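Student: Heads up: the sequence shown begins at 2 in this note's numbering, then just goes up one per residue. Mind having a look at this structure? Questions to follow.
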Amino acid sequence: MSAENRYGDLYIFVPVMKQIIRIAEGTGDNLLPEDIEEGYVDYIYYEQYELSQGFPEIDGGQVLLEEMFRNKFGCTEDAIEDVLSMAYGNFKIDYVILKGEENGNH
2 MSAENRYGDL YIFVPVMKQI IRIAEGTGDN LLPEDIEEGY VDYIYYEQYE LSQGFPEIDG
62 GQVLLEEMFR NKFGCTEDAI EDVLSMAYGN FKIDYVILKG EENGNH
């Protein structure tokens, strides 16, 4: 599997919250000067969508990292627990990875 497929956007479904989360490698342009001063060099970006009429985006954010995303994680899937911890305060919440052709999974 190519690096682009391993590090592409990932979608997970969190049944208990009735939400789908898009997880992506940060692009590097959202770090503030104070983040950089505190030693952060990269981040995970995520968006939370509610499974309801119109599929509204209800939350999201960044998980700041002290090392580069691709050095810390072997693939985007490895970042799921960090995102769950930030979004819900608990990484031990059940989730299902949504696979599709856009993720290189058939």
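Glycine residues also receive a C-beta, built at the ideal position from the N, C-alpha and C atoms. Only a predicted model underlies this, so the values are computations on that prediction, with no experimental measurement involved.
(1) CB-CB under 7 Å to Val-64, same chain, minus the five flanking residues each way: which ones, in chain order?
(2) Return the chain-ordered ranges of every alpha helix (DSSP H) run that is complete within the segment 29–85 and spans a minimum of 4 residues.
(3) Please list the terminal residues of the continuous beta strand (DSSP E) segment that includes Val-97.
(4) Following the continuous beta strand (DSSP E) through Phe-92, name the residue where it begins and the one where it ends.
(5) What residues match up with Arg-23 in a beta bridge as DSSP calls it?
Tutor: A quick look at the data gives this:
(1) Tyr-44, Ile-45, Asp-83, Val-84 and Met-87
(2) 34–38 and 70–73
(3) 97–99
(4) Element bounds for Phe-92: n/a, residue is neither H nor E.
(5) Tyr-12 and Glu-48
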